[in-house]
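S.K.: Residue numbers (our numbering): 136 to 383.
Here you go:
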């Protein structure tokens, strides 16, 4: 890829929160962004916010846990002549509960969405990157993947898996000038943290040296850096964005 050419970026789970912030940040950097959601309504909301900019954007439907959805998505990319060279695997879910009461469906759903889905989509996307001999893959992990969290054995396992996946893929693709990194947010101010009561928020804040939640925009800035030419010699790494909650 030419050093002056802006690549197409694909961000999964982009209808709100961190995914939306990432999509907007990459678009502000001049990239043509494809944001995905699992529903038509979500895709329409992405299309709406990405349309309000000089650079074209696209909101498309994609469920990374369903093979037919992935195939339909790939066909739509081909029809639109879009070949993403920046991939942000952000889509993910939680199904929290103590392990002794966790059903197999809760385990399977989280691993399929957070880890297997990233594997399937990345496998499809790297073909264009290898042909271009350039690419950026950024996987969204979590501080929970390193430090664990009671009631989130499935989520912690999926995010620890994402970091192992990141390292192995970095070794496989480095010779093709494709970097693979992860970003691991800590407690980020989103609609998920808004649901916590005051006592839960206070206990969390006691554990964070910077004494505040991070913002989706701060996570997006890290992703934007790893997708840029400034990060061309960084691969196989996990960037912790957690305010000092976990020190690696």
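In this text, a Cβ means the ideal position worked out from N, Cα and C, and glycines have one as well.
In the DSSP assignment, find the unbroken alpha helix (DSSP H) run with residue 245 in it and report its ends.
M.R.: In the chain shown, counting from the first residue as 1, residue 245 sits at position 110. Per DSSP, residue 245 belongs to the alpha helix (DSSP H) from 239 to 246.
S.K.: Excluding the 5 residues flanking residue 168 on each side, which residues of the same chain have their C-beta closer than 7 Å to its C-beta?
M.R.: Along the chain shown, read from residue 1 onward, the residue named residue 168 stands at position 33. So the qualifying residues of the chain are 144, 146, 158, 161, 162, 185, 192.
S.K.: Apply the 10 Å Cβ neighbour rule to residue 138 and answer buried if 16 or more other Cβ atoms are within range, or exposed otherwise.
M.R.: Within the chain shown, the letter at position 3 stands for residue 138. Low confidence applies here, because residue 138 scores a pLDDT of 47, under 50, leaving its location unreliable; read the following figure in that light. With fewer than 16 other Cβ atoms within 10 Å, it is exposed.
S.K.: Check this for me: beta carbons of residue 222 and residue 200, under 8 Å apart or not?
M.R.: Looking up residue 222 in the chain shown gives position 87. Looking up residue 200 in the chain shown gives position 65. Not closer than 8 Å, so no.
S.K.: In this structure, how does DSSP classify residue 316 when only helix, strand and coil are distinguished?
M.R.: Taking the first residue of the chain shown as 1, we reach residue 316 at position 181. Of the three classes helix, strand and coil, the one that applies to residue 316 here is strand, per DSSP.
S.K.: Any chance the segment 335 to 354 sits against the segment 290 to 301, with 3 or more Cβ pairs inside 8 Å?
M.R.: The segment 335 to 354 is not in contact with the segment 290 to 301.
S.K.: Could you say if the segment 312 to 323 and the segment 352 to 362 meet the contact criterion of at least three C-beta pairs nearer than 8 Å?
M.R.: Touching, yes, given that three or more Cβ pairs across the two stretches are closer than 8 Å.
S.K.: Should residue 155 go down as buried or exposed, given a rule of 16 or more other Cβ atoms within 10 Å for buried?
M.R.: Counting from 1 along the chain shown, the entry for residue 155 is found at position 20. That one is buried.
S.K.: Closer than 6 Å by C-beta to residue 270: which residues in its own chain qualify, once you throw out the five before and the five after it? Chain order, please.
M.R.: As a first step, residue 270 must be located in the chain shown, where it is residue number 135. So the qualifying residues of the chain are 220, 264, 313.
S.K.: Select from 276, 333, 284 the residue whose C-alpha is nearest the C-alpha of residue 301.
M.R.: Residue 301 sits at position 166 when you count from the first residue of the chain shown. Closest by alpha carbon: 276.
S.K.: Among all the DSSP beta bridges, which residues are the ones paired with residue 133?
M.R.: Summary: the structure shown does not reach residue 133, with the chain confined to residues 136 through 383, and so no result is reported for it.
S.K.: Between residue 253 and residue 224, is the Cβ-Cβ spacing less than 8 Å?
M.R.: The residue given as residue 253 occupies position 118 in the chain shown. The residue given as residue 224 occupies position 89 in the chain shown. Yes.
S.K.: Round the Cβ separation of residue 383 and residue 375 to the nearest angstrom and send it over; I've been treating them as touching at under 8 Å.
M.R.: Against the chain shown, residue 383 aligns to sequence position 248. Against the chain shown, residue 375 aligns to sequence position 240. With 8 Å as the limit, residue 383 and residue 375 qualify as a contact, their Cβ atoms being about 6 Å apart.
S.K.: When we look at the beta-carbon of residue 240 and count the other beta-carbons within 10 Å, is it buried (16 or more) or exposed?
M.R.: Taking the first residue of the chain shown as 1, we reach residue 240 at position 105. Exposed, by the Cβ-count rule.
S.K.: Helix or strand or just coil, what does DSSP make of residue 233?
M.R.: In the chain shown, counting from the first residue as 1, residue 233 sits at position 98. Correct three-state label for residue 233: coil.
S.K.: Can you look up residue 172 in the DSSP assignment and give me helix, strand or coil?
M.R.: Start at 1 with the first residue of the chain shown, and residue 172 comes out as number 37. Residue 172: strand per DSSP, three-state reduction.
S.K.: Under the rule that 16 or more other beta-carbon atoms within 10 Å means buried, what is residue 248, buried or exposed?
M.R.: Translated into the one-based positions of the chain shown, residue 248 becomes position 113. By the neighbour-count rule (16 or more Cβ atoms within 10 Å), residue 248 is buried.
S.K.: Please state whether DSSP places residue 165 in a helix, a strand or coil.
M.R.: One-based indexing of the chain shown puts residue 165 at position 30. Residue 165: coil per DSSP, three-state reduction.
S.K.: From residue 194 to residue 213, what does the alpha carbon distance come to, in whole angstroms?
M.R.: Counted from its first residue, the chain shown places residue 194 at position 59. Counted from its first residue, the chain shown places residue 213 at position 78. Roughly 15 Å separates the two Cα atoms.
S.K.: Output needed for residue 188: all residues of its chain with C-beta closer than 7 Å, excluding positions within five of it in sequence on either side, in chain order.
M.R.: Taking the first residue of the chain shown as 1, we reach residue 188 at position 53. The residues are 162.
S.K.: Would residue 152 pass as a contact of residue 325 if the rule is Cβ separation under 8 Å?
M.R.: Numbered from its first residue, the chain shown carries residue 152 at position 17. Numbered from its first residue, the chain shown carries residue 325 at position 190. Their beta carbons are under 8 Å apart, which means residue 152 touches residue 325 by this criterion.
S.K.: When you compare the CB positions of residue 231 and residue 287, do they come within less than 8 Å of one another, or not?
M.R.: What you label residue 231 is simply residue 96 of the chain shown in a count that begins at 1. What you label residue 287 is simply residue 152 of the chain shown in a count that begins at 1. Yes, these two residues count as a Cβ contact at 8 Å.
S.K.: Does the Cβ of residue 150 have 16 or more other Cβ atoms within 10 Å, making it buried, or fewer, making it exposed?
M.R.: Locating residue 150 in the chain shown gives position 15, where the first residue counts as 1. Buried.
S.K.: Per DSSP, which one or two residues make a beta bridge with residue 376?
M.R.: Numbered from 1 along the chain shown, position 241 holds the residue referred to as residue 376. Its beta-bridge partners are 320.
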